[in-house]
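J.: Counting in my numbering, the sequence shown runs from 190 upward without gaps.
Please see the structure below; I have some questions.
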Amino acid sequence: MNITIIGSGFAALTAVQRVRAQRPDAKITLISPTEELIYYPSLIWIPTGKRRGEQLRVPLAHFFKRMNLTHVKAQVTGLSEQGRVVHTSAGDILNDGLIIGSGGRFMKKLPGIEHSIALCEGISAAEQIRDRLAAMRDTGGTIAFGFAGNPNEPAAMRGGPMFELLFGLDNWMRSEGIRDKFTFKFFAPAKRPGQRLGDEAVDRILKRMAERDISTHLGHKLVRFEAQAVVTEAETIAADLILFMPGMTGPAWADQAGVELSSGGFLPANELGQVTGLQYTYVAGDSGSYPGPEWLPKQAHMADLQAKTAADNLIAELSGQSPSVKTKIELVCIMDMHDRGILVWRDEKRNFMIPFRLLHWAKQAFEWWYLRQYR
Ligand SMILES: Cc1cc2nc3c(=O)[nH]c(=O)nc-3n(C[C@H](O)[C@H](O)[C@H](O)COP(=O)(O)OP(=O)(O)OC[C@H]3O[C@@H](n4cnc5c(N)ncnc54)[C@H](O)[C@@H]3O)c2cc1C
190 MNITIIGSGF AALTAVQRVR AQRPDAKITL ISPTEELIYY PSLIWIPTGK
240 RRGEQLRVPL AHFFKRMNLT HVKAQVTGLS EQGRVVHTSA GDILNDGLII
290 GSGGRFMKKL PGIEHSIALC EGISAAEQIR DRLAAMRDTG GTIAFGFAGN
340 PNEPAAMRGG PMFELLFGLD NWMRSEGIRD KFTFKFFAPA KRPGQRLGDE
390 AVDRILKRMA ERDISTHLGH KLVRFEAQAV VTEAETIAAD LILFMPGMTG
440 PAWADQAGVE LSSGGFLPAN ELGQVTGLQY TYVAGDSGSY PGPEWLPKQA
490 HMADLQAKTA ADNLIAELSG QSPSVKTKIE LVCIMDMHDR GILVWRDEKR
540 NFMIPFRLLH WAKQAFEWWY LRQYR
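And the structure:
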C-alpha cells in the first residue's frame, strides 16, 4: 500500500500517525517544503514575549524516522491521473492513495493590504507585531484590529485568534501600565463578528469590547487600507498599526488538481473526506471545503478529526472495503486573554462557553502535551 500525504501541518501529521498505526507495512511518502511543524495556536503569545519564534517551530526529523516515512522536501504543484500522480518541484510522485493536508492561504486582494500585518502569516508576522508594539511603547498610538471572510465562501475565515490578540494585548498592556497610552479599535464587515462561535459568544465579546474601551466599526465592506487608516464603505478609521486577518482560500496549487474547486477556491470534499472528482484521494484540514453546518470550523482540532477520517476511509478503500467513517464535527477552543481564558464548545447538541482563569494555563499545558508527540 503506497500512500502519499501532502503537508506537514496538523492534518498531514495526524494522517501519518493514523495510517502508520493501522498499516505498519504501508509505504508512506510525505511531501512538504520544510521538515517542521509550525504551532500556530501559540503565535498570539509572541507579540507580548510569552513565546519566542523558535519555540513554535518543531523539527520533525525524529518523528519522520519513527514513522518510517520518506520525506520529499518539495512544493506540490498539481495532480494528474485522478490523483495517482502528484507533481512537485522535485518531480512526479506516484501513489495508490493520497491524503491532502496542505492548508489554506489568506486572500490578499484588498488594496493596500501591505499596510496591515496578518498574524496568520506565521512567526515572522508575529515578531513584526512584537517589534512594532515595542517601538510604540513610549509614545502609544491607535491600533486597529479586524478580520474578514471569503465573500464566496463565508465559512472560510479565522476570527478567533484576532479576538485573542485583541483581548490579550488589552490585558497585557493593563498589566504593564501602558494601556491608557493606546486607543483600540475593532473592525469587521460582519455585523456580528465571530458568529460561528455561537450567539452567546458574540454577545459576550461585544460586551467585553464596550467594557474595555474598544470602539467597534462593524457591518461595512472594507474598501482599502492606507498607511494610517482602514477605509470602509462607511468611514475612514485612523490607525497607527493595522492588525488584520484576511479571509481564506484554498492552496495555491489547487487549481491544478484537475477538479472543479468550491466557490471559495478549496478542494471540494464529501462527508467522508473524499475529494469530489478524484479517486482514492482525500482532503483534511484547511485545504478542503466540506459539507456541514455553517459553523464548521477551520481549526487545528477539526483538521485532526478530518485527518483521522481521511486515513480510516482511504485504508478501507485500498483494502477493498467501502469507506464509511463520517467526521465528527466539533468546534473546541480555548480563547486566550493573556492571563485567563474562555472555553468555547460547539457540536451538534451543545454550544456553551466557560470563562475561567486557569484556562490560560490549560492552553499552555495543551501546547506542551500536543507537541510532545512530535518532539
Ligand atoms: C494565529 C493563529 C491561531 C490559531 N489558533 C488556533 C487554536 O487556538 N485552536 C485551533 O484549533 N486552531 C487554531 N488555529 C487554526 C489552525 O492553526 C489551522 O486550522 C490548522 O493549522 C490547519 O491545519 P492544516 O494541516 O490544514 O494546515 P497547516 O497547519 O497550515 O499546514 C499546511 C502544511 O502544508 C504545507 N504546504 C503548503 N503548501 C504546500 C505545497 N504546495 N506543497 C506541499 N506542502 C505544502 C505547509 O508547509 C504545512 O506544512 C490558529 C491559526 C492561526 C493562524
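For each residue, glycine too, the CB sits at the ideal point set by N, CA and C.
Please read all numbers here as calculations on a predicted model, not as lab measurements.
Just grab the DSSP bridge partners of H159 for me.
T.: No statement about residue 159 is possible, as the shown extent of the chain runs from 190 to 564 and does not include it.
J.: What are the start and end residues of the alpha helix (DSSP H) that includes H251?
T.: Unbroken alpha helix (DSSP H) run through H251: 250–255.
J.: Are the beta-carbon atoms of V247 and Y563 separated by less than 7 Å?
T.: Taking 7 Å as the Cβ cut-off, V247 and Y563 qualify as a contacting pair.
J.: With a threshold of 8 Å, are at least 3 pairs of Cβ atoms found where one atom belongs to the segment 347–363 and the other to the segment 227–242?
T.: Result yes; three or more Cβ-Cβ pairs closer than 8 Å.
J.: Which residue comes first and which comes last in the beta strand (DSSP E) that contains M524?
T.: Here the beta strand (DSSP E) through M524 covers 520–525.
J.: Run the CB neighbour count on D501, radius 10 Å, all protein chains shown included, and call it buried at 16 or more, exposed below.
T.: Buried is the call here.
J.: Can W442 be considered in contact with ligand 1, in the sense that its beta carbon sits closer than 6 Å to one or more heavy atoms?
T.: True, at least one ligand heavy atom lies under 6 Å from that Cβ.
J.: At 4 residues or longer, what runs of the alpha helix (DSSP H) sit wholly inside the segment 191–247?
T.: Listed in chain order, they are 199–211.
J.: Please give the ranges of any beta strand (DSSP E) in the segment 441–479, keeping only runs that are unbroken, at least 3 residues long and fully inside the region.
T.: 470–472, all fully within the segment 441–479.
J.: Quick check: is any heavy atom of ligand 1 less than 6 Å from the C-beta of L308?
T.: Because some heavy atom of ligand 1 lies under 6 Å away, the Cβ of L308 counts as near it: yes.
J.: Can you give me the C-alpha to C-alpha distance between M542 and G198, rounded to a whole angstrom?
T.: Using only the alpha carbons, I get a separation of about 27 Å.
J.: Please find out if some non-hydrogen atom of ligand 1 comes closer than 6 Å to the beta-carbon of F199.
T.: The answer is yes for F199.
J.: Report yes if the CB atom of G366 is closer than 7 Å to the CB atom of E316, and no otherwise.
T.: No, these two residues do not count as a Cβ contact at 7 Å.
J.: Just to check, is the beta-carbon of A458 closer than 6 Å to a non-hydrogen atom of ligand 1?
T.: No, ligand 1 has no heavy atom inside 6 Å of this Cβ.
J.: Fully enclosed by the segment 297–351, which beta strand (DSSP E) runs are 3 residues long or longer?
T.: For the segment 297–351, whole beta strand (DSSP E) runs of length 3 or above, ordered along the chain, are 330–336.
J.: Roughly how many angstroms lie between the CA atoms of A141 and V265, to the nearest whole one?
T.: In the structure as shown, the chain begins at 190 and stops at 564. Residue 141 is therefore absent and cannot be evaluated.
J.: Identify, in the order they occur along the chain, each residue of the same chain with its Cβ nearer than 6 Å to the Cβ of K497, setting aside the five sequence neighbours on each side.
T.: So the qualifying residues of the chain are R207.
J.: For F545, is the classification buried or exposed, using 16 other Cβ atoms within 10 angstroms of its Cβ as the cut-off for buried?
T.: Exposed, since its Cβ has fewer than 16 Cβ neighbours within 10 Å.
J.: Within the same chain, show all residues whose beta-carbon is closer than 6 Å to that of E353, passing over the 5 residues directly before and after it, in chain order.
T.: Only I233, M524, D525 meet the Cβ criterion.
J.: For I302, which residues of its own chain have a beta-carbon under 8 Å away from its beta-carbon, when the five flanking residues on both sides are left out?
T.: So the qualifying residues of the chain are F414, F433, P435.
J.: Can you determine whether any heavy atom of ligand 1 sits closer than 6 Å to the C-beta of I426, and answer yes or no?
T.: Flag unset: Cβ of I426 not near ligand 1.
J.: Looking only at C-alpha atoms, which of I288, G286, E224, G290 sits nearest to K262?
T.: It is E224.
J.: Near E422, which residues of its chain fall below 7 Å by C-beta distance, leaving aside the five closest residues on each side in sequence?
T.: Closer than 7 Å at the Cβ level, and outside the excluded window around E422, lie H409, K410, V412.
J.: Is V420 near ligand 1, going by C-beta to nearest heavy atom under 6 Å?
T.: Every heavy atom of ligand 1 is 6 Å or more from the Cβ of V420, so no.
J.: How about I195: is its Cβ closer than 6 Å to a heavy atom in ligand 1?
T.: For ligand 1, at least one heavy atom lies less than 6 Å from the Cβ of I195.
J.: Based on the DSSP secondary-structure assignment, which residues constitute the bridge partners of P544?
T.: Per DSSP, I531.
J.: Which complete beta strand (DSSP E) runs does the segment 414–445 hold, if anything under 3 residues is left out?
T.: Correct list: 418–421, 425–427, 430–434.
J.: Check whether the segment 210–219 and the segment 482–495 are in contact - that is, three or more C-beta pairs closer than 8 Å.
T.: Cβ pair count under 8 Å is below three, so no.
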